[in-house]
Every structure is written in structure tokens, then in C-alpha cells.
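Numbering (the working numbering), first residue to last: -1 to 144.
This is the structure we're talking about:
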């Protein structure tokens, strides 16, 4: 028996990411794919000056634990239509890179994610995780504009 295909649904827990859920469900059913909901924890970048004194920065372990709890709650609250809850994974790094690597390493059939549709200065300042995934993913990407 062939292995079931895999659909990746990256989330940032935003209201916008919820707009992808109908598409995630439709595509998972169409592809008869297992769904994996992932969240990427970015390592904090703290810039200080000598006169600021010590700055409390949560450890990566704390950030991952918190993200795991949030992801579990997100799945329980929003993905009940999937019958069995999708598996969850929390990754650490740059979101676009981690999503692409995870999809490649797990032979994903499809990535379904939202894009905020920023342009101009906002796009320059905030960048686009979806754009990075679209440019580098080795599998198809369904981008839902919110």
C-alpha cells in the first residue's frame, strides 16, 4: 500500500490564517492526504546598547513550549472538521526556510497557506513568508490571499 500524501498547513495563529482552513480541508480530501499543521518559532533578535542593562529574553525552549501549547489549542479550536486532529509540529528558524525544508524532508504533496497581501513599504519591512515559500518549495503551494 502506498504511503498517504501529506498536506502542510503553516500557521501564525492569525485570523488571516483561518481563511485557509476551507481550502486545507478541500485539498486534503481531494488528495486523500494527511494534514500537518506547523508553526515556526523565530529566534529572538535583541538589539541593545551598553547603557540599557540586562534584557530578559525567553529561551528557545520556553518559546517552543509556548508555541506547542498555542498550536494544540489552535488545532482543537479550529480544525474539528478534519475528523481526526491533524498532527502538529513546531519548528525553529526562519519561517519560509523551515516550511520549505519541512515540506521537502517529508515529501509533502502540497503546502496551503495565506498571504497578507502587503505591498510597498509594508512588504519591504515585513517581508513575505509566503513569497519565500512560493519561490523555493519543491512541491505545489496554494496561496490564499487575505
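Beta carbons are placed, not taken as given, at the ideal position from N, Cα and C, and that holds for glycine.
Under the three-state reduction of DSSP output, residue 59 falls in the helix class. Residue burial is scored here from C-beta neighbours: residue 6 has at least 16 other C-beta atoms within 10 angstroms and is therefore classed as buried. Rounded to whole angstroms, residue 69 and residue 91 show a C-alpha spacing of 17 Å.
Residue 25 places its beta carbon 9 Å or farther from that of residue 139.
Taking C-beta separations shorter than 6 Å and ignoring five residues to either side along the sequence, the partners of residue 97 in its chain run 8 and 131, following chain order. DSSP places residue 89 inside the beta strand (DSSP E), whose first and last residues are 85 to 90.
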